[in-house]
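Asks: I'd like to ask you about the structure that follows.
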Amino acid sequence: MPDAVPLAWTEGVRLHDVVDRAAGRTPDAPALIDGDHVSTFAGLADRVARASGFVAGCTAPGDRVAVVGVNHRSWVDAYYGVPRAGRILVFGNHRLAAPELRSVLERSGSRVLVGPREELDRIDPPASVARIDLDDWEAGLAATALGDGGPAPATPPAAADADAWIIHTSGTTGRSKGAVLTHASVLAAVRASDACRTVPPDEVYLLPFPLAHIAGYNVVHHHARGVPVVLLARFDPADFVATVARRQVTSASLAATMLHALLGFLDQHPAAVADLTSLRQIHYGAAPMPTPVLRAARERLGVDFSQGYGMTELSGNAVFLDADDHRKGLAGDDMLLRAAGRPAPGVSVRVVDDDRRTVPAGVPGEIEVRAPQVMDRYWEEPEATATALADGWLRTGDVGRLAPDGLLMIVDRKKDVIVTGGENVSSLEVEQVIHTVPAVGEVAVVGVPDPRWGENVCAVVVPRTGALDADAQADALAEVVVAAVRAELAGYKRPRHVVVVDALPKNATGKVVKAELRAWLAQHPERLGTRR
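Plus 1336 on top of the position in the sequence shown (first one is 1) and you've got the numbering used here.
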C-alpha cells in the first residue's frame, strides 16, 4: 500500500469541492486535457460553476440531467456541475442502441439530454426531454452569470449525502438498474483508491474508458490529488501511443482488451515503444488480466500494474492488488496474479453461503461488501434495492473466497453477466431478444473465453420443433439470431457464436444449468465455429 499523505478531507465534502480546492491550491496547474484543449484547475472550476448555473436555470432541484456521447470535456463539466446544482447526473452510454437509451431516459425521468447533435438525433428522445447539443452547452456556459464572490452561481448548495449520479448497470433481471451514487459514496470510493494507489505529484493520468462508466470516478481521484487527467474520445492504440508521447502520460487505466491491442500495435510498429517511455503504471479492473498479457506488457513497457475490484454499486473499486503484489506475481507467484486483492481501509468484505452465513477461509461463496462507498439505492426499484442491500451489506453476486491473510480470489460471477471488451452484457437481456425469433424454441446465452475480448457472447439455441431439418437451415437460423440482436441492442451485445443444439441442460425445477453448458462448450470448442 502507498505511503502517501492521506487526502485532507473532512465530513461534508461534495464533488465540486474537489475542483474548487484544487483551484485554490494550484489555480494555473493543468486539470483536464481533451485533444488540443487544456483546462487549468481555475478554468475547470469556472466551467463547473457555470454548468451548475446553466443547469439550474432550466431544471428544478432534484431533476435528472442525462449526458451521452464519447469522452469530451462536457462530461467533466457535468460530473461536477450537475450535482453542484442539486440535480442528478444520469450517465448515458453512447454504445447502447437508441431504444435502450430511450428506456434509460424514461425510467430515470430525465428532463434534459446533453450530447453531440448526431447522438441526440440518433436517440430521438421524447418531447418531454429537452435536447442540448454541445454547441448549445458551450453557449449556455458562456452566457451564465456568476455570483459576485467569484465562480459560484446562485444555486442552492448540495449536501454531501445528496444524490449525485445515476449509472445504469447490467444484471440478471435483464433490464439495467440505475445505481444511485451520492457525493459521499463517490468520494468514499476516491478515498479507498487513494489509500491503495500512489498518485505522485508529477502524475499525468490518461483515461480511455468511457466516462459513461463508473471508471470515470478516477477523474475525481486524480483531481483530488491536483494532477491532470487526459481524455481519449475512444481507445485506439495509435492514438494512445501518440497521446502518451505528446502529453508525457505517466499512468493509464486499460482493460485487458486495450492492452492486448496495444501490444499487437507494438508488434507491428516496434519503434513506437520509444514513445511510451514516460508511462510508469497501468491500472486495470474491468475484467481479469491474462497473465501472459501482464508478462508481455512488463517486458515490453517496463511498467508496474495495479488492479481494482469494484462495480457501479460500489461507486468504484473497493479491493486492490497493488504494484508490489504484481511484482511478486510476475516474479513467479502466478496465483497472486489471479487474485482480486485486499480490501481498502474502511472496506469490509465477507464471503457467505446461500443462507448468508459467513464461510471459513478458502471456502467459496458469495462476496458481500460493507463500506461508505456502497450505493444509496437503485432508482425507483425498492425491491431490487432490498435484495441487493441486506443488513448493511452489498450482495455483489460474485463468487469468491478469502485467504486467511485477507486476499480475495474471484471464483466466478454468480450473476450471468458477460464481460466482453470491458462492457457488461446481461445474458437474460440478449435471451429476451432471441426469444422473439419465431424459429427459436429455447435459448441460453453464456460467455465463452476469448484471448482478446475476455469473453464472447455465445447463444445456445434449441430450434422450435419442426423449424429446421438441415445443417444449412441451422446456419441460416444463426444469422437470423444475430440480426435480431443487432437490431435491438448495442453491437457488443450480439452473439459472436451461435450453437444449435437439441436440448439444454436443466435441473429438477426446469432451470437451465449454465455452468454445465459452459463446461460442455469448453469440452467441445469445435461447436463454436468461426467468430461472427
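Think of the CB as a built atom: it goes at the ideal place given N, C-alpha and C, for glycine as much as any other residue.
For clarity, every value in this text was computed on a predicted model and none was experimentally measured.
(1) My parser needs the alpha helix (DSSP H) runs of 4 or more residues fully inside the stretch 1775-1855; what are they?
(2) Where do the ends of the alpha helix (DSSP H) carrying histidine 1596 lie?
(3) Going straight from the alpha carbon of leucine 1599 to that of alanine 1378, what length do you get?
(4) Mind checking glycine 1507: buried by the 16 CB within 10 Å criterion, or exposed?
(5) Report buried or exposed for serine 1464, applying the criterion of at least 16 other Cβ atoms within 10 angstroms of its Cβ.
(6) Is it true that the CB of alanine 1402 sits closer than 8 angstroms to the CB of leucine 1449?
(7) What first and last residue would you give for the beta strand (DSSP E) that runs through lysine 1513?
(8) Would you list the residues sitting across from proline 1366 in a DSSP beta bridge?
(9) So, is serine 1444 buried or exposed, given that buried needs 16 or more other C-beta atoms within 10 angstroms?
(10) Grouping DSSP H, G and I as helix and E and B as strand, with all else coil, what is valine 1526?
(11) Rounded C-beta distance between valine 1391 and glycine 1360? I'm assuming under 8 angstroms.
(12) Hey, how far is the Cα of glycine 1422 from the Cα of arginine 1386?
(13) If you follow the beta strand (DSSP E) that glutamate 1759 is in, where does it begin and where does it stop?
(14) Note down, in chain order, each residue of its chain lying with its Cβ closer than 6 angstroms to the Cβ of histidine 1662, except the 5 sequence neighbours on either side.
(15) For serine 1529, tell me which candidate among Ala1707, Ile1746, Glu1716 has the shortest Cα-Cα distance.
(16) Specify the secondary structure class of glutamate 1347 as computed by DSSP and reduced to three states.
(17) Closest to valine 1688 by CA distance: which of Arg1863, Val1355, Asp1734, Ile1468 is it?
(18) Should arginine 1693 go down as buried or exposed, given a rule of 16 or more other Cβ atoms within 10 Å for buried?
(19) Determine the closest residue to valine 1849 out of Val1782, Gln1859, Val1816, with distance taken between C-alpha atoms.
(20) Any idea which residues DSSP pairs valine 1418 with across the strands?
(21) Identify, in the order they occur along the chain, each residue of the same chain with its Cβ nearer than 8 angstroms to the Cβ of arginine 1636, setting aside the five sequence neighbours on each side.
(22) Tell me which same chain residues have a C-beta within less than 8 angstroms of the C-beta of alanine 1632, skipping the five on either side of it?
(23) Quick check: valine 1305 and alanine 1775, are their CB atoms within less than 8 angstroms of each other?
(24) Is glutamate 1702 helix, strand or coil when you go by DSSP?
(25) Between the beta-carbon of serine 1651 and the beta-carbon of serine 1521, is there less than 8 angstroms?
(26) Bridge partners for methionine 1745 per DSSP, in chain order?
(27) Taking the DSSP output, what are the residues bridged to asparagine 1653?
(28) From glycine 1405 to glutamine 1584, what distance separates their C-alpha atoms?
(29) Provide the residue span of the alpha helix (DSSP H) that contains phenylalanine 1576, from first to last.
Replies: Checking against the coordinates, here is how it stands:
(1) 1807-1824
(2) 1592-1604
(3) 37 angstroms
(4) Its pLDDT being 47, under 50, glycine 1507 is placed unreliably by the model, and nothing is read from it.
(5) exposed
(6) yes
(7) 1513-1518
(8) Thr1376
(9) buried
(10) helix
(11) Rounded, the Cβ-Cβ distance is 23 angstroms, inconsistent with contact.
(12) 14 angstroms
(13) 1759-1762
(14) Phe1641
(15) Ala1707
(16) coil
(17) Asp1734
(18) exposed
(19) Val1782
(20) BP columns for valine 1418 are empty, so no partner.
(21) Leu1599, Leu1602, Val1609
(22) Leu1599
(23) For residue 1305 there is no data in the structure shown, the boundaries of the chain being 1337 and 1868.
(24) strand
(25) yes
(26) Ala1675, Arg1737
(27) Gly1646
(28) 26 angstroms
(29) 1573-1583
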